[in-house]
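So the sequence lines, in the order shown, correspond to chains W and U.
With the working numbering, the residue at position 221 of the first sequence is 226, and numbering never jumps.
With the working numbering, the residue at position 42 of the second sequence is 47, and numbering never jumps.
Reviewing the structure listed below.
Number of protein chains: 2
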Amino acid sequence: MQVRLDDLKAVTLTVLTNSGYPADEAHIILDVLLYAQLRGNNQGIVKLIGAGMPRSANARPIQITRETKLSALLDGGWNAGMVALTRAVDIAIGKAREHGIGIVGTNQTNTSTGAIGYYASRAAQAGFIAFVFSGSGEYVAMHGSHEPLFGTNPLAIAIPTTGQPIVFDMATSAIARFGIVEAKTAGRSIPEGVAYDANGQPTTDAAAALLGAIRTFGGYKGAALSLMVEVLTGALVSTTKDANGKKTDWGNLVLVIDPELLVDGDTFEERVSQLIERVKAAKRLPGVEDILIPGERGNRILAQVEQTGMVEIDDALWSALVAVAG
Amino acid sequence: MQVRLDDLKAVTLTVLTNSGYPADEAHIILDVLLYAQLRGNNQGIVKLIGAGMPRSANARPIQITRETKLSALLDGGWNAGMVALTRAVDIAIGKAREHGIGIVGTNQTNTSTGAIGYYASRAAQAGFIAFVFSGSGEYVAMHGSHEPLFGTNPLAIAIPTTGQPIVFDMATSAIARFGIVEAKTAGRSIPEGVAYDANGQPTTDAAAALLGAIRTFGGYKGAALSLMVEVLTGALVSTTKDANGKKTDWGNLVLVIDPELLVDGDTFEERVSQLIERVKAAKRLPGVEDILIPGERGNRILAQVEQTGMVEIDDALWSALVAVAG
């Protein structure tokens, strides 16, 4: 159904306020959720349904626990992952603006950071190249294994252009964990080849997959990338484990680079835009209407929303959000 | 057949000297080629067969054309890609050692950089996290297209541990271009789903694939990664194009990060080694003897070589190298 953007914002903000977030944090989370929701990405308001995202009773102020000109490590203080990672990317942008590069890690959060293209995009909108890596719980198995040890370990890369940034945001898992949770709720099966059950057998049963392990994407290459994200969001940012080796918190890492280090920024953005034009004009395979650049599909949906002030939302999802808002 | 390591080195060095390289450059290239050859990677001495790698008649000294504390851009001066990228990674290591991070790009080369895990490994051996991105000619098509615009665009990531570094080195193409060239020479077909012919039809014919385009790995995710490498090794490092938009040179980018920015280096290496142990001890799928960490297979082969002083090389390849040495 079509929902007014203003209504979507108001209802979402009400839910966040009811979830215990002070106004500043609620607005940060709203921004992250709407980045996804208005781009047709499934990391939007659905996160507020069911268990939702209540603010932790243990939340305390985010603190910088290690810092250099180029780097900072943040103790997320059990705040929402979205709040901690927004702080991290803003610090990294500040350091990149002053010194050329900023690298910032976070620990002591264990909630979703949402669509991490949001944070990368935030840096690219400011003219920087950004890499964002995000860790989570033990859901995904290494290539050759069916024991869940890794997070779904998304990575995002954003590149500024003369127009909208290129924003590439992918899970290194074959399917988002959330996609499996959704399938289970809807009573749907999941695609073949993306998950194992608890005995290590391939399964298309969502409930069985949640008790087993998700596979990485793209064979051993995807598994190797997942391992790299695991290191960059674990060992490097000092997340912790319990006595059984289970993660107690999930780390994140942001790397922001000023292209001016190597080339004039305007020249860089012009060249990237020229490359995009060339790629979009390339010979298409049969049945392909348009060659899409990462981020482009979402930008088109967003443009439609901005033009009409209306958002297409699944009926049941909107009803559920309104119900949660009370 | 089994070849003495000393003989392999001597013959390779002779070929490089005959190819016009002064002693210092010949030793650099030898090191890169043997890194691959002694690890069972196909980016080794086969590069010296056939057209080989003659030193360019236009080669001139490598020059730094832009520099900051954290960054440098190198004009490769039409030297071998391996010589230029070795210089780049050494400069990046020096900057990371002094300032925490080094980012170095190269342009004005258009020859193979070989197995780029070599350069990443060089930084990780020195205690740093390294990312290496390497561009090349127009061989690979974007997702949805069959027009070759991208290089095979490998990326390598290396992470220091208390033992051997983790070294992940992958092409973002579905198959290395060199693999297709080899298949054509041997009269073999190539796997399904990795290439198009000149008309955009899927092909398993190596010769037809060389006239068409290679696909990226891992669907749209792999294509998006390839595009990112294209930007990082093109627009960012100022490679150039001719009037038809064809690349005249191939760029490279090295990013070296001191983990000390975020955590004590020893602690980091210990944690990474613990993670490796945990991953290797994970439950294995049926038929899987051992869960391999990126770089491990090659390290095992190398260890065997170091123990015996002998290298297993394909008969025809060794004969061909000896013949080139004259």
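All C-beta atoms, glycine included, are put in the ideal place defined by N, C-alpha and C.
query, result
"Member of P170/U, I262/U, V261/U, F138/U whose CA lies at the smallest distance from the CA of L230/U", "F138/U"
"Chain-ordered neighbours of R289/U on chain W, where CB pairs are closer than 9 Å", "G149, S150, H151, E152, G205"
"Distance CB(D263/W)-CB(G122/W) smaller than 8 Å", "no"
"R44/U versus I98/U - alpha carbon distance", "24 Å"
"Against chain W: residues of the region 68-80 of chain U by CB proximity under 7 Å", "R71, T73, L75, S76, L78"
"Rounded C-alpha distance that separates L258/U from Q130/U", "19 Å"
"Residues from the region 133-147 of chain W in contact with chain U, defined by Cβ distance under 9 Å", "I134, F136, A146, M147"
"First through last residue of the alpha helix (DSSP H) which encompasses L336/W", "This structure does not reach residue 336/W, given that chain W is present from 6 up to 331, and the question cannot be answered."
"N-terminal and C-terminal residue of the alpha helix (DSSP H) that M87/U is part of", "86-104"
"Meets three-Cβ-pair contact criterion under 8 Å: the region 289-308 of chain U and the region 314-330 of chain W", "no"
"CA nearest to the CA of E30/W, picked from R65/W, R289/W, V199/W", "R65/W"
"Min CB distance P264/W to chain U below 8 Å", "yes"
"Beta-carbon contacts of A287/U that lie in its chain and below 8 Å, excluding the five residues immediately before and after", "I296"
"Coil, strand or helix - Q113/U by DSSP", "coil"
"Environment of D254/U [buried if 16+ CB atoms lie within 10 Å]", "buried"
"Cα-Cα separation between I318/U and I50/U, rounded to whole angstroms", "10 Å"
"C-beta contact flag for Q7/W and G119/W at 8 Å", "no"
"Beta-carbon neighbours of S61/W, restricted to chain U and to distances below 7 Å", "Near S61/W there are no residues of chain U at all, since even the closest Cβ is about 24 Å away, more than 7 Å."
"Min CB distance R283/U to chain W below 8 Å", "yes"
"Cutoff 8 Å: L90/W Cβ touching any chain U Cβ", "no"
"Contact check, I67/W vs D80/W, beta carbons under 8 Å", "yes"
"For E301/U and A308/W, the rounded distance between their alpha carbons", "48 Å"
"Environment of H32/U [buried if 16+ CB atoms lie within 10 Å]", "exposed"
"C-beta contact flag for K74/U and G142/U at 8 Å", "no"
"Beta-carbon contacts of I281/U that lie in its chain and below 8 Å, excluding the five residues immediately before and after", "T166, I171, I298"
"Spatial distance of R289/W from V236/U (CA atoms)", "21 Å"
"CA nearest to the CA of Y2/U, picked from R127/U, A77/U, N63/U", "Absent from the structure is residue 2/U, since the part of chain U shown begins at 6 and ends at 331."
"Assigned exposure category for S76/W - 16 Cβ within 10 Å defines buried", "buried"
"Residues of its chain near G270/W, where Cβ-Cβ distance is below 7 Å and the 5 sequence neighbours each way are ignored", "G132, P264"
"Cα-Cα separation, N46/W to I306/W", "10 Å"
"Beta-carbon neighbours of G239/U, restricted to chain W and to distances below 8 Å", "R276, L280"
"Nonlocal neighbours in the same chain, by C-beta distance under 8 Å from G168/U, ignoring five residues either side", "S278"
"Below-8 Å beta-carbon distance, S126/W vs any chain U residue", "no"
"CB contact below 8 Å: L267/U versus chain W", "yes"
"I219/U vs A179/U beta-carbon contact at 8 Å", "yes"
"Start and end residues, alpha helix (DSSP H) containing D320/W", "320-330"
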